[in-house]
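Top to bottom, those sequences are chains A, B, C and D. Each residue of the first sequence is one higher than the one before, starting from 1 at the first, in the numbering used here. Each residue of the second sequence is one higher than the one before, starting from 1001 at the first, in the numbering used here. Each residue of the third sequence is one higher than the one before, starting from 2001 at the first, in the numbering used here. Each residue of the fourth sequence is one higher than the one before, starting from 3001 at the first, in the numbering used here. Written below as structure tokens is the structure these notes are about.
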Amino acid sequence: MQRITREPLDVASLLGDTENDTCGAFVVFGGTVRNHHQGRGVAGMRYSAYEPMAERVLEELEEETRRRFGVAECRIVHRIGELGIGETSVLVAVRSAHRGDAFSAGQYAIDTLKERLPVWKEDFYTDGSRGYQDGTPLATAGVAGPDDGGGHGDR
Amino acid sequence: MQRITREPLDVASLLGDTENDTCGAFVVFGGTVRNHHQGRGVAGMRYSAYEPMAERVLEELEEETRRRFGVAECRIVHRIGELGIGETSVLVAVRSAHRGDAFSAGQYAIDTLKERLPVWKEDFYTDGSRGYQDGTPLATAGVAGPDDGGGHGDR
Amino acid sequence: MLDVQFYGVLEQVAGTRSLQVELVDDAVTVDQVLERLRGQVPALSEHLPRVACAQGDALVRRADPVDPTRPLVLLPPVSGGAMGTQEGS
Amino acid sequence: MLDVQFYGVLEQVAGTRSLQVELVDDAVTVDQVLERLRGQVPALSEHLPRVACAQGDALVRRADPVDPTRPLVLLPPVSGGAMGTQEGS
């Protein structure tokens, strides 16, 4: 499965991909493009990714989330390319037997994604200017990110 | 809008109903029919509701959730009638500027729904028997529910 | 006569969706109706402590007077959303 | 020659998607490549402290030796998901 994609993200198909009769709960988180950022009007944005690593980070994060929270299913997709206001940039779907686990796992997955996924966002402002948002240094940056262990596999 | 319905629940249409360009995050919680309960095989179930009160409880819970967590949108629907394994019995959709609020609000809404919504679940077991699940006494029950204040409007 | 309606497991226990309960006078409380009901349908007794009551779209308290023009609705412990407290959704 | 690739804001700062950096010998660390790069593109200097590096699908540390057969990829602070830390998704 492609986790980094240029196609519009679809909640229904993500839920279809994770169907599991043993589960009584699902949580879907979605990130959407807002029309404002730090007081400035936003007209759209562009996401770019270092794809070879991004695919691996998402696959490992899904596996880590399942293991850590004991949830049956976790699936993450992130869109790249140009997005308009209201469009969905990322989807996290979790399914579990118990609802509390599904919420915790979903929140962990999106919080951690934002620290590890090599994806960058460039805002297009309504005044015609554009700019990369500052973000979170990855773990091996010179200035420490969330941790400074090597690799991204087992953190 | 009908919040108690016999029709299959649809995540996409609930997200469509709550579209809001000022929001950067959404969380959807879904409850689905599991194939087991307390070690017994489940073949399906039936939900029934006291509809006049149930509609009001959901409308008030949406409003309370928006106010309490400062989220822009909250929408809740609950299905009644017979449901098969894997079908969705309840959906909660929340949209907000910030993702933490969306998770907290979604969890509050479903936790509170389970204490207040006059809906009953009858399991159909794979051995052919059926039975109502025990549940949570409502607030004005003789034996106290979650609180024993009157009405359900302002709690 | 007051129309008393049963939901969930109560319908099964009472064997009917509704019953008529005679009101001696109009100034009757919810508690008094439940007491009379206990006499008519003894099987309901063990359930009544955990039952809540409603008229129209709102809960009523045990000590509240009953509106004799509207059904009194008996609501057993609820199980919406999905599974029980320790599990499911 | 080592191929160095730029992502996000670094592409904008460097004015290119990739550059060639000469390796004096094969036993060169990531840090040494960045040092050489700083000389070639001074505008990158202020960004380098917060840059992580990767080869293939894995991060490499500053002290790690560079595999001279694969591009060294420079990754600025990431902003996936959506908004910054205090906001959005």
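Cβ coordinates follow ideal geometry from the N, Cα and C atoms, glycine included. Since this is a predicted model, take the numbers as computed values, not measurements.
Taking the Cα positions, Q133/A is about 6 angstroms away from K121/A. In this structure R40/A touches Y125/A by the C-beta definition: roughly 5 angstroms separates them, less than 8 angstroms.
It is roughly 5 angstroms from the alpha-carbon of P1052/B to the alpha-carbon of D2057/C. Along the segment 32-58 of chain A, the positions whose C-beta sits under 8 angstroms from a C-beta of chain B are T32, V33, R34, N35 and H36, read in chain order. By the C-beta criterion, the segment 103-110 of chain A is judged not to be in contact with the segment 3009-3018 of chain D, since fewer than 3 inter-stretch pairs fall below 8 angstroms.
Distance between C1074/B and V1092/B, taken at the CA atoms: about 7 angstroms. Among the CB atoms of chain B, one or more fall inside 9 angstroms of the CB of V28/A.
Not flagged as an interface residue toward chain A: G1135/B, since no C-beta distance is shorter than 9 angstroms. Closer than 9 angstroms to the CB of Y108/A there is not a single CB belonging to chain D. If you compare the alpha carbons of V3078/D, Y3007/D, V3051/D and Q3020/D with that of D3031/D, the shortest gap goes to V3051/D. A distance below 6 angstroms between beta-carbons, with the five flanking residues on each side excluded, links V94/A to the following residues of its chain, in chain order: V27, V71, C74, A102, A105 and G106. The continuous alpha helix (DSSP H) containing G1106/B extends over residues R1099 to R1116.
C-alpha of T1088/B to C-alpha of I4/A: approximately 28 angstroms in a straight line. When 9 angstroms is used as the limit between beta carbons, C1074/B is near no residue of chain A, the shortest such separation being about 15 angstroms. When Cβ-Cβ separations below 9 angstroms define contact, Q2012/C makes contact with chain B.
The beta carbon of R3038/D does not come within 9 angstroms of any beta carbon belonging to chain A, so the residue lies off that interface. Secondary structure note for S3018/D: its beta strand (DSSP E) is the uninterrupted segment S3018 to V3021. Ranked by how close their Cα comes to the Cα of V2028/C, the residues G2008/C, G2081/C, R2062/C and Y2007/C have R2062/C in first place. For G2015/C, the closest Cβ of chain B is not nearer than 9 angstroms. Comparing alpha carbon positions, the residue from L138/A, R56/A, A25/A and R79/A closest to G31/A is R79/A. With its beta carbon at least 9 angstroms from every one in chain B, A2043/C lies outside the interface. Going by beta carbons, V1077/B and G2080/C fall outside the 9 angstroms limit. The beta-bridge partner set that DSSP reports for Y1047/B consists of G1081/B and K1121/B. Taking 9 angstroms as the cut-off between beta carbons, the residues of the segment 8-21 of chain A near chain B are D10, V11, A12, L15, E19, N20 and D21, in sequence order. If you check each beta-carbon in the segment 2049-2067 of chain C against every beta-carbon of chain B, the ones closer than 9 angstroms belong to P2049, R2050, V2051, A2052, C2053, A2054, G2056, D2057, A2058, L2059, V2060, R2061, R2062 and D2064. Residue state for T88/A is assigned as strand, using DSSP reduced to three classes. In the three-state reduction of the DSSP assignment, P3049/D falls in the helix class. Ranking H2047/C, V2066/C, R2070/C and P2071/C by CA distance to the CA of A1141/B puts H2047/C first.
Of L1113/B, F1029/B and V1042/B, the smallest CA-CA separation from D1127/B is found for V1042/B.
Within the same chain, and ignoring the five residues on either side of H1036/B in sequence, the residues whose Cβ sits closer than 7 angstroms to its Cβ are V1042. A straight line joining the alpha-carbon of T1112/B with that of L1061/B spans about 8 angstroms.
The distance from the Cβ of S96/A to that of C23/A is about 6 angstroms, consistent with a contact at the 8 angstroms cut-off. Distance between P8/A and P2071/C, taken at the CA atoms: about 51 angstroms.
Residue nearest to G1100/B within the set Q1038/B, F1069/B, A1012/B and M1001/B is F1069/B (criterion: CA-CA distance).
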